[in-house]
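To start, the structure itself, in C-alpha cells.
There are 4 protein chains.
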Amino acid sequence: MPGAKQRDKLERVLGVAGELFAASDFQGVCMDQIAQLAGVGKGTLYNLFESKEDLYFSIIRSRLGELLDLLERSYDGRKDTLKNLRSLILHLHKFMSKHPHFYLLWKREENTLARSDRLGIAALYGRIESLVLRVLERGVEEGLVRPGLDHELVAHLILGMIDGLRKAPENVYRREEALDEALEVLMKGIGVEGVEVRVTYDRYQHARSADER
Amino acid sequence: MPGAKQRDKLERVLGVAGELFAASDFQGVCMDQIAQLAGVGKGTLYNLFESKEDLYFSIIRSRLGELLDLLERSYDGRKDTLKNLRSLILHLHKFMSKHPHFYLLWKREENTLARSDRLGIAALYGRIESLVLRVLERGVEEGLVRPGLDHELVAHLILGMIDGLRKAPENVYRREEALDEALEVLMKGIGVEGVEVRVTYDRYQHARSADER
Amino acid sequence: MPGAKQRDKLERVLGVAGELFAASDFQGVCMDQIAQLAGVGKGTLYNLFESKEDLYFSIIRSRLGELLDLLERSYDGRKDTLKNLRSLILHLHKFMSKHPHFYLLWKREENTLARSDRLGIAALYGRIESLVLRVLERGVEEGLVRPGLDHELVAHLILGMIDGLRKAPENVYRREEALDEALEVLMKGIGVEGVEVRVTYDRYQHARSADER
Amino acid sequence: MPGAKQRDKLERVLGVAGELFAASDFQGVCMDQIAQLAGVGKGTLYNLFESKEDLYFSIIRSRLGELLDLLERSYDGRKDTLKNLRSLILHLHKFMSKHPHFYLLWKREENTLARSDRLGIAALYGRIESLVLRVLERGVEEGLVRPGLDHELVAHLILGMIDGLRKAPENVYRREEALDEALEVLMKGIGVEGVEVRVTYDRYQHARSADER
DNA sequence: GATGAATGAGCTTTCATTCAT
DNA sequence: GATGAATGAAAGCTCATTCAT
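If you read the protein sequences in the order shown, they are chains A, B, C and D.
Residue 17 is where the first sequence starts when you use our numbering, and the numbers rise one by one after that.
Residue 17 is where the second sequence starts when you use our numbering, and the numbers rise one by one after that.
Residue 17 is where the third sequence starts when you use our numbering, and the numbers rise one by one after that.
Residue 17 is where the fourth sequence starts when you use our numbering, and the numbers rise one by one after that.
This is the structure we're talking about:
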C-alpha cells in the first residue's frame, strides 16, 4: 500500500511546515526550507498541495478538522452541561498541547478567514459554534443554564473565555485548578441563580477518565 | 508649523496602510500601493518608517497606545467595579468601531508579538492586563467580586470574553443589550453570591454619558 | 555530465560580465543586462554567485588565479634570469590580450583590494610578488643581477614597469620590439655593471617557442 | 569678498568627498554623507557641481591640475636630467603624502578615463607624459640618456616605475634611500653606458632643498 | 544663495512555481 | 512519482536630484 508512505510524507510536511509557519509567518517561510526539513523534493510539495497558500491553510484545515471530530465525538446529548463544558475545555487544552503550532496559525488567521472562506475553514469554525449552541440548549433543558440568554452571544463569550484561558501566563494556566476555576466562573455566569454547581478537583479527575478513550 | 502637515501625512499613511493590511495581509500589500493611496511618494514612507515591517507594527503600536491612554484615563479607582467594567467594554467597543482595521491587525499578531516584543507592543499589552487587575482588586474591596479568585486568570477570562463578544455575529453584537448581557454574565461569574447586580439598559445609557468626556 | 554545461554557463557569465563591467563600472551594469546577454535567467546568476559584488570580484579572482598558475608554471628556477623576466613579460602580455577586460578590472580595484582582502584576491597578488622575488634571487646567484638591491622595492619597480608598458599607446606597445626594449632597460637597470646582456629579437622568437607549451 | 568663503566651502567638500570616495567607491558614497560631513546643505553640492559624477571627477581633475602645475613649474630645461627625474619623483611623492585619497581615485579611474575623456582629465594626463618626454630629450642632449630609445615607451616605463615605487610596502617605500635606489635603477636602465651616474643621499638632500620653494 | 523634505526611477535580490530528467 | 536547476515577476529599498521655503 503506497498510501501509507504518502500519508507519512504528508504528515511530515504538515508537521514541519506548521512549525516553521508558527515560528515566523507566511512570508517568512520558503518552500525550500519546508522541502529540506521534511526531507522531500520541492516538486513533491506541489504534488501534495496546489500552492504555498494551500499548504499553509491545509495545516489549519486538517488540524481543525481533527479537533472538531474529537469535540463532536466527545459531546454527548445525555451528559450534563457541566461535563460537556468541562470536556470541551479539556479537549481544547489537550489538543493545544499536542499541536502548539496549529493554534498559533489558527488564531492568527481566524479573523481573516471569517470574511472569505478560503478553503472551507470558516465552515469548520461554524461547527464549533453549533456545538456550543447545542450544549447551551441542553443546559437549559436540564435547568442548569438560565433561560433568556442569547445563545449566539454566549457561545462566543464561552469560546472567548477559553481562549483567554489559553493566553493566561503559563504558571497560572498550567495549574490544573485553573481549568476548574474558569469553569466555575463560567457556570456561575450562565447558570440558573441559586442552583449550586459544584466544580471540584475530584470531579475533574473523574470527568477526565470518563471522557477520554 | 511644519509639524501639522507632517502629522496629517503620518495619520493618512497609518490609516491607508491599516486598511490595506487588514484587507489582505502583510505580504499582500506593497509599499507602492500604500504610497499611492496615501498620496505620498514611496521615499516618504521610508522617511516616516524604518521599513515596511516598522510601518506595519507602528499601526498596531500607535493605536494600541491611544487605546490604552483612553482606558487608563477612564479608569477611576473610586468608581464601582460595575462601572469600571462597563467602561472598559464600552471603550473597547467604541475604539473598535472607530478603528476596525487596527483590531484585526492586533489580534492577528498578538500571539506572535508575545514571544519577541518587537517594537514594544507586548509592553502595551501588559498595561491592559494590569488595568483589569486593578479593577478586580477594587471589586474585592467593594465586596462585589468574590475573594479567592486567581486574578491573573480571571483577567484573561475577562479579556477573552470581551474578545469573544467582538467575534459574535454583527446582528448579535450590534444590539446594544448585548454589552449588558455580557456584563451580566461576567458579573454573575465573578461576583459575590447573593449580591444582586442590576445591569439595565437605563444604567447603560447613564453610564455612557457619565463616562465619556 | 552536467558539470560541462555548468562550466560553460559560468564562463559565459564571467565573460559577459567582465565585458560589461570593464565598459562602464560596477554601478553602471545591472544584473538584468548580464543575465540577458549571457542568455540565462537572473535567478541563475544568484545560483552561481552570492551577490553582484561576488560576481564582480569573481571575475578578477578567477582570472587572476589562472594568470598566476600560468606564471608559476612557466617560472623555472634553472632558467636564466633574462629568460624568466622575458617569460613573465610575455605571459602577462599574452594574457592581457586574451582577457582585456580582466586587466581593467584588476587595475581598477588593486588599490582598494590591498586594504581589505575581499574574497582572497590580495593573497593572489602576493603570489606574483613572491614570484618576482624568486626571479631576482636567482638573478643574483647567476651573477646577472647586482647584489645590494632591495628586492622588495625592485620587485615593485619591475611590476610597475610592466604595467607602464601596458599603458603605452598601442602603436608603441604593439611593436614586438617594445617588449625587448623594456626588457633591456630593465636589465641594464638592475644588472651587474659591465656584464653584457644581449636582448635581441631573434632571442625573443626563440624564447617564445621554448617557453610556451 | 564672498569668493573666499565659497572657496573654503568648495575645498571642504572636495576634501571630505575625496576621503569618502577613497574609503569605499563611487556608489558607496551618498550625497547626504558628503553634505553632512562637509557641513553644507545637500542643495549646495548641486550649486557647486553639476552632479555626483561631476563632483567625483572634479576631485581628480582639480588635484591632478595642481599636481601638474607643480611638476611643470619645477621642471627646468637647464637642469640636468638626474635632477629633473629626481624632482619628478620627489614631487609625486610629496603630493601623494599630502593628498593620499586623490591618488587612489586617480589610479582607480585612469584606465577608464583614457577611453572617453570625461571632463578633461585625460588631457591632464597627456601633460605629464609630455613632461617626461621633454626630460628624456634633454637627457639625450646632455649625453646622459642613450639615444635610440623609444621615448614614448620609456616615458611609460618611468611613470610605471614611479607607480611601482608607490605600491611598495610602506616599510620599504618610506625609507628615504628607496627613492634614490629607484632613481639609480632607472638611470642605469636608460643611461649611456659607461657614464657614471652618482646618486647619493647627500645629493638627495641637496636636490631636495634646491628644488622646493 | 542655502537648505533638506519629498520624490520615484531603478536597482538588487528573493522565491514560488515549473518542467526536463 | 520524485527531483531541484532554472526562471522572472515582483517588491523592498536607496539615493541622486529637485524645488518650495
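In this text, a Cβ means the ideal position worked out from N, Cα and C, and glycines have one as well.
Taking 9 Å as the threshold, the shortest C-beta distance from Asn100(C) to chain D does not fall below it.
Put simply, the CB of His107(D) is far from chain C, with every gap to its CB atoms at 9 Å or more. Close CB contacts of Leu101(A) within its chain, under the 7 Å cut and outside five residues either way in sequence, are with Val151, Leu199 and Leu202 (chain order). Exposed is the label assigned to Ala139(B), since fewer than 16 other Cβ atoms lie within 10 Å of its Cβ.
Taken through DSSP and simplified to helix, strand or coil, Gly207(C) comes out as strand. Contact between the stretch 148-166 of chain D and the stretch 85-101 of chain D is present: 3 or more CB-CB pairs across the two stretches fall below 8 Å.
Not one beta carbon of chain C lies nearer than 9 Å to the beta carbon of Gly159(D). DSSP places Val156(D) within a helical segment (H, G or I) once states are collapsed to three. One Cα belongs to Glu193(A), the other to Cys46(A), and the distance between them is close to 41 Å. Residue pairing by DSSP places Val161(A) opposite Gly207(A) in a beta bridge. Contact of Val151(B) with chain A by beta-carbon distance below 8 Å is absent, the smallest such distance being about 15 Å. Rounded to the nearest whole angstrom, the CA to CA distance from Val170(B) to Glu209(A) is 21 Å.
For Val188(B), the chain A residues whose Cβ falls inside 9 Å of its Cβ are Asp166, Glu168, Leu169 and His172, in order along the chain. The alpha-carbon separation between Arg182(C) and Lys110(C) amounts to approximately 11 Å. Shown here, Gly136(D) sits in a helix according to DSSP, grouped into three states. Close CB contacts of Gly55(C) within its chain, under the 8 Å cut and outside five residues either way in sequence, are with Arg28 (chain order). Counting only Cβ-Cβ distances below 8 Å, Val201(A) has contacts in chain B at Leu165, Val170, Leu173, Gly205 and Ile206, in chain order.
In the DSSP assignment, Ala184(B) falls outside any alpha helix (DSSP H), carrying neither H nor E.
Leu71(D) sits close to Ala33(D), with the two beta carbons spaced by under 9 Å.
Here the alpha carbon of Gly205(B) sits roughly 19 Å from the alpha carbon of Leu106(B). Not one beta carbon of chain A lies nearer than 9 Å to the beta carbon of Arg77(B). Chain B places no beta carbon closer than 9 Å to that of Phe111(A), leaving this residue out of the contacts.
Chain A places no beta carbon closer than 9 Å to that of Met47(B), leaving this residue out of the contacts. In the three-state reduction of the DSSP assignment, Tyr141(B) falls in the helix class.
Identification of chain C residues near Phe73(D) by a Cβ-Cβ cut-off of 7 Å yields none; the smallest Cβ-Cβ distance measures about 12 Å. When the five nearest sequence neighbours on each side are left out, the beta carbons in the same chain lying within less than 6 Å of the beta carbon of His115(B) are those of Arg79, in order along the chain. In this structure, Leu87(C) lies near Leu108(C), with their beta-carbon atoms less than 9 Å apart.
The continuous alpha helix (DSSP H) containing Glu88(D) extends over residues Lys68 to Ser90. For Asp48(D), the enclosing alpha helix (DSSP H) stretches over residues Met47 to Ala54.
Using beta-carbon distances, Ala139(B) does not count as an interface residue toward chain A, since no partner is under 9 Å. Val188(D) sits close to Glu168(C), with the two beta carbons spaced by under 9 Å.
Rounded to the nearest angstrom, the gap between the Cα atoms of Ala38(C) and Phe118(C) is 8 Å. For the pair Ser74(D) and Leu30(D), the CB atoms are nearer than the 9 Å cut-off. Taking the Cα of Ile144(B) as reference, the smallest distance to any Cα among Gly81(B), Lys25(B) and Gln43(B) is reached at Gly81(B).
Within the same chain, Cβ atoms closer than 6 Å to the Cβ of Glu35(A) are found at His117, the five residues on either side in sequence being excluded.
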